[in-house]
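Every number in this note's numbering is 50 more than the matching position in the sequence shown, counting from 1.
Where a beta carbon is used, it is the ideal one built from N, C-alpha and C, also for glycine.
On a predicted model such as this, the values are computed, not experimentally measured, just so you know.
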Amino acid sequence: MLGFKEKEIWGRKSEDELKIYRLTVQVSKREKEKIIQLAKSRGMSVSDYVRYFCIHKPFISKFNEEEE
51 MLGFKEKEIW GRKSEDELKI YRLTVQVSKR EKEKIIQLAK SRGMSVSDYV
101 RYFCIHKPFI SKFNEEEE
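What follows is the structure in structure tokens.
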């Protein structure tokens with residue numbers, strides 16, 4: 051191969067980037083409706099919303115705290 055990554059050649063995500071696992075979380079009806087509402091208000095899917103606020107946001111907040 052000419053030094054290109056597989057993704058660049060085929061236009062596909064690498065195996066590490068594929069979202070193939072499902073995580074089940076139990077919430078009340080009210081909590082579910084709130085999560086859906088919050089995701090919609092930010093123009094996000096529920097999956098993207100949960101990913102952002104459970105993984106990325108805490109990391110960003112922690113990183114910013116360490117800089118202060």
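Is there a Cβ of chain B sitting closer than 7 Å to that of ALA89, yes or no? Although the question refers to chain B, the structure presented lacks it and comprises just one protein chain.
Check ILE70 in the structure and name its three-state DSSP category. coil
Any idea what DSSP makes of ARG62, helix, strand or coil? coil
N-terminal and C-terminal residue of the alpha helix (DSSP H) that GLN87 is part of: 79 to 91
Distance check for ILE86 and TYR102, CA to CA, integer angstroms please. 14 Å
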